[in-house]
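Below you'll find the structure, written out as C-alpha cells, and then a few comments.
Protein chains: 2
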Amino acid sequence: MNDHRLLTPEREEKILDLLRETTVLTVAELSDTLGVSPATIRRDLQSMHERKLLERVRGGATLRRMTRVEPLFHDKQSQNTAAKQAIATAALKLVEDHDRIYLDGGSTILMLARLLEARHDLTVVTNSLMAAAELMTCEHLLILVGGEFRALSRTLVGPLTTPVVQSVHVDKAFMGTIGFTLKDGMTTTDPSEAFTKERVMERANQVILLADSSKLGVPSFTRSGVIEDVDVLVTDAIDNSLKKELESLGIEVIVAD
Amino acid sequence: MNDHRLLTPEREEKILDLLRETTVLTVAELSDTLGVSPATIRRDLQSMHERKLLERVRGGATLRRMTRVEPLFHDKQSQNTAAKQAIATAALKLVEDHDRIYLDGGSTILMLARLLEARHDLTVVTNSLMAAAELMTCEHLLILVGGEFRALSRTLVGPLTTPVVQSVHVDKAFMGTIGFTLKDGMTTTDPSEAFTKERVMERANQVILLADSSKLGVPSFTRSGVIEDVDVLVTDAIDNSLKKELESLGIEVIVAD
DNA sequence: CGATAATTGATTGAAAATGATTAGAAGTGC
DNA sequence: GCACTTCTAATCATTTTCAATCAATTATCG
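Chains as they are written, first to last, in the numbering used here: chain H, 15 to 271; chain L, 15 to 271.
Written as C-alpha cells, this is what we have:
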C-alpha cells in the first residue's frame, strides 16, 4: 500500500512506535526496517534527541534513559585529586554519628560527602548541588539552603540563602575556599558566595576548613571570612612557619597523608 | 527477535536483572551469558559501580544492600509519557520570555523544564532537584527554595521552604499534583509537600496546574490546595461535564493533543 | 518549467568500544 | 612465609560507530 518513500515525520513516528515496543534499537535495525541509509537514521536520531524525544546511545537509541540516569550532576574531574582525597579522608574522622554538619561547595568537600555513608544518622545542611546529589540516596537527613544558583561552583548563593542558614544550627561546618592567607583570611572569587560563607560560619559551633596546599598563601578576589573564624584547618602539606603561626592563633592544623 | 549485538544500556539492564534474581554473579558467568569478553564486563561493572547501581566484589558483583529509591521515580516517569509530553508542550506556550515562574515537582513538570530552553531570560524558582539539574546548564536565572529533601519525589519540602518562597513573587506557578477532584481540590501523599505547595500558590499571580487525565477525579491523601487556587488546568483529556464545571468556576481548561 | 532549498546516501577521518595480552595485585592453601 | 592460582587494571590492535563533507536526488515555490 505504501510504496512511496517515507517522509521524515512518518519515519520519526515509526521510530518512536518501534522504540515503545522494544525500548532499544540499533541504527542498523532501523535502517533495515525503514529502508533508508544509516546516515539518515543517525540524522533522525540526533534531531529527535535534541528535541528530547529519545535518548541516544552508542549504536542506536532508547527511550528515556533506563540505567544511565545517575550522573545528573557530572563531576568535572578536578586537579590535585590525590591530595583532596587524603584531606577528605582525614576530615571524615572529625564527623561523628548523629552530628549536624554543614557542607560548603568545592571538590574537596564533595569527596567528603561521598564518604559520609560511613556515618549514621547525620543531619547534613548544604548549599552545594553536587553534594546534595551525592547524598540524595543515603540515609541521612538532607537539607538544602535555598538561593540563587551559581553555575560555576554549582552552589546556591546570595541573600536568599540567609533565612535557612540562620534558622538551623550546625555542630560542624566543613568549608572550602579558593585562597587562604594570614593577612586576608579566606578569599574567594564571587561576592555572593562569600556572603553565604560568612553567614554559615557565624552559625556553626566549629568551622573546619578543607584546603589543599595550593590554596595556602594565595589570595583570591573577595574576603569570605576572617582567619579567626576557622577552628580547624585540614590540608595535605603546609609550611612549618605558617603552621606555627596558625596554631598560635588557636587553630588546630591537621596534615593528611 | 532481537538478534543484534547488545548495546551498552541493554547489557546494563540485563546485568541488573540477573543480579536481582541471584544476588551475586561472577565476571565469567556474565561474560558467558551476555556473550562479551570479561574485559568488557569488568568495564561495565566498574562504570555501574561508580554510578552506584551495584556493589563490586572480587570476581563479580552484587546488588547494594539498600534497595534504591530510584525505580520509584522512574516508574512514575514512564507512565503516560505521551500524555505528559503533550501537556508539557502545551504548557510551554504559556511561558513568555522574561517571565518569572515557579516549577513544582513531578514528572510532567520535569518535561516542561526540559523545554524551557526555547525561552529567554526566565527567572525559574523551583523546589525540584530534578528540574534544577535539568536547568543547571541553561541561561536562565535559577533559584532553589531551601528545605528538607524528600527522596521519593526529589523535592525540597517543609517549613524551611517558606522563607524563600515568601520572599520571591512569581508570575506563573506550574504545579503538579497526585489527585484532583471538585470536592477536595488538589491532593497529594505527603503533608510536608502539601504545605510547600500551598505556600507557593499563595504567592503566584497565576497558578497553572499540569495534570494528566489519570489524576482527574482521583483523590489522594492530604489536601495541597483548594480548587479556587487554580487559574488554568492543562490536561490531555477531560470529561465534558467536569470541564464545564471548572469553567463555571473561572478556571481555564486547556486540552493538549 | 526552472531555480533554489532540503533531503538523502556515500565517503572519509576521528572517536569510541571491544577483545586479547600482560604485568602486577589479591586471595588461597600449605 | 612461600608458592600457586585467580582476578584485576593497563595497554594496544582491531572493529564498530560517529560526525562532517560532498555530490546526487528530490521537493518546493515562484
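Glycine included, C-beta positions come from ideal geometry on N, C-alpha and C. Since the model is a prediction, treat every value here as computed from it, not as a measurement.
* To do: Give me the Cα-Cα distance between leucine 129 (chain H) and tyrosine 116 (chain H), rounded to the nearest whole angstrom.
  => Taking the first sequence and counting its residues from 1, one reaches residue 129 (chain H) at position 115. Taking the first sequence and counting its residues from 1, one reaches residue 116 (chain H) at position 102. Spanning the two alpha carbons is a distance of roughly 14 Å.
* To do: Compare the C-beta of methionine 150 (chain L) against all C-beta atoms of chain H and say whether one is closer than 8 Å.
  => As a first step, residue 150 (chain L) must be located in the second sequence, where it is residue number 136. It does: the Cβ of methionine 150 (chain L) has a partner Cβ on chain H nearer than 8 Å.
* To do: Compare the C-alpha of valine 138 (chain L) against each of L:Gly120, L:Asp111, L:Ser234 and name the closest.
  => Position 124 of the second sequence, counted from the first residue, corresponds to residue 138 (chain L). Valine 138 (chain L) has its Cα closest to that of L:Asp111, out of L:Gly120, L:Asp111, L:Ser234.
* Any 3 or more C-beta pairs closer than 8 Å across the segment 31 to 40 of chain H and the segment 19 to 34 of chain L -> yes
* From the beta carbon of valine 178 (chain H), is the nearest beta carbon of chain L less than 8 Å away? -> As a working note, residue 178 (chain H) is residue 164 in the first sequence. It does; some Cβ of chain L falls within 8 Å.
* To do: Out of L:Pro173, L:Glu131, L:Arg70, point me to the one whose CA is closest to threonine 151 (chain L)'s CA.
  => As a working note, residue 151 (chain L) is residue 137 in the second sequence. Ranking L:Pro173, L:Glu131, L:Arg70 by Cα distance to threonine 151 (chain L) puts L:Glu131 first.
* Nearest CA to the CA of valine 109 (chain H): which residue from H:Glu259, H:Ala187, H:Leu77? -> One-based indexing of the first sequence puts residue 109 (chain H) at position 95. Among H:Glu259, H:Ala187, H:Leu77, the Cα nearest to that of valine 109 (chain H) belongs to H:Ala187.
* To do: Would you list, in chain order, the members of the segment 59 to 70 of chain L that have their beta-carbon closer than 7 Å to a beta-carbon of chain H?
  => Arg65, Lys66, Leu67
* What residues match up with lysine 186 (chain H) in a beta bridge as DSSP calls it? -> As a position in the first sequence, residue 186 (chain H) is number 172, starting the count at 1. Beta-bridge pairing links lysine 186 (chain H) to H:Ile115, H:Gln220.
* List the residues of chain L whose Cβ lies closer than 7 Å to the Cβ of valine 38 (chain H), in chain order. => Looking up residue 38 (chain H) in the first sequence gives position 24. What valine 38 (chain H) touches in chain L: Leu21, Pro23, Glu24.
* Label glycine 331 (chain H) either buried or exposed according to how many other C-beta atoms from any shown protein chain fall within 10 Å of its C-beta, with 16 as the threshold for buried. => Examination of residue 331 (chain H) is not possible in this model, given that chain H is present from 15 through 271 alone.
* Around the Cβ of glycine 264 (chain L), are there at least 16 other Cβ atoms within 10 angstroms (buried) or fewer (exposed)? -> As a working note, residue 264 (chain L) is residue 250 in the second sequence. Exposed, by the Cβ-count rule.
* Report the option in H:Gln180, H:Thr203, H:Asp135, H:Phe194 whose CA atom is closest to the CA atom of leucine 166 (chain H). => Sequence index remark: in the first sequence, residue 166 (chain H) carries index 152 (1-based). Of the candidates H:Gln180, H:Thr203, H:Asp135, H:Phe194, the one whose C-alpha sits nearest the C-alpha of leucine 166 (chain H) is H:Thr203.
* **Residues of its chain near glutamate 266 (chain L), where Cβ-Cβ distance is below 6 Å and the 5 sequence neighbours each way are ignored** => For the purposes of this step, residue 266 (chain L) is taken as residue 252 along the second sequence, with counting starting at 1. Closer than 6 Å at Cβ, skipping near neighbours: Val246.
* Output the distance between the C-alpha atoms of threonine 81 (chain H) and valine 244 (chain H), rounded to the nearest integer angstrom. => Translated into the one-based positions of the first sequence, residue 81 (chain H) becomes position 67. Translated into the one-based positions of the first sequence, residue 244 (chain H) becomes position 230. Unreliable placement is indicated for threonine 81 (chain H), whose pLDDT of 46 sits below 50; the coordinate value is still reported in the next sentence. Roughly 42 Å between the two C-alpha positions.
* Asked: Going by other Cβ atoms of all chains shown within 10 Å of its Cβ, with 16 needed for buried, is arginine 164 (chain H) buried or exposed?
  -> Position 150 of the first sequence, counting from 1, holds the residue named residue 164 (chain H). By the 10 Å Cβ count, arginine 164 (chain H) comes out buried.
* Inspect the CB distances between the segment 191 to 201 of chain L and the segment 230 to 237 of chain L and report whether three or more fall short of 8 Å. => yes
* Near leucine 223 (chain L), which residues of its chain fall below 6 Å by C-beta distance, leaving aside the five closest residues on each side in sequence? -> Position 209 of the second sequence, counted from the start, is the residue given in the question as residue 223 (chain L). Cβ within range, chain order: Met189, Val244, Leu247.
* **Proximity below 8 Å, CB of aspartate 185 (chain H) to CB of asparagine 141 (chain H)** => As a position in the first sequence, residue 185 (chain H) is number 171, starting the count at 1. As a position in the first sequence, residue 141 (chain H) is number 127, starting the count at 1. No, Cβ-Cβ distance for aspartate 185 (chain H) and asparagine 141 (chain H) is not below 8 Å.
* glutamate 162 (chain L) - DSSP class collapsed to helix/strand/coil -> Numbered from its first residue, the second sequence carries residue 162 (chain L) at position 148. DSSP places glutamate 162 (chain L) in strand when its eight states are reduced to three.
* To do: Report yes or no: is there a C-beta of chain H within less than 8 Å of the C-beta of glutamate 207 (chain L)?
  => Here residue 207 (chain L) corresponds to residue number 193 of the second sequence, with the count starting at 1. By this cut-off, glutamate 207 (chain L) is not an interface position.
* Can you give the beta carbon distance from threonine 169 (chain H) to leucine 143 (chain H), rounded, assuming they're within the 8 Å contact cut? -> Walking along the first sequence from the start, residue 169 (chain H) turns up at place 155. Walking along the first sequence from the start, residue 143 (chain H) turns up at place 129. The Cβ separation is near 7 Å, so the contact holds.
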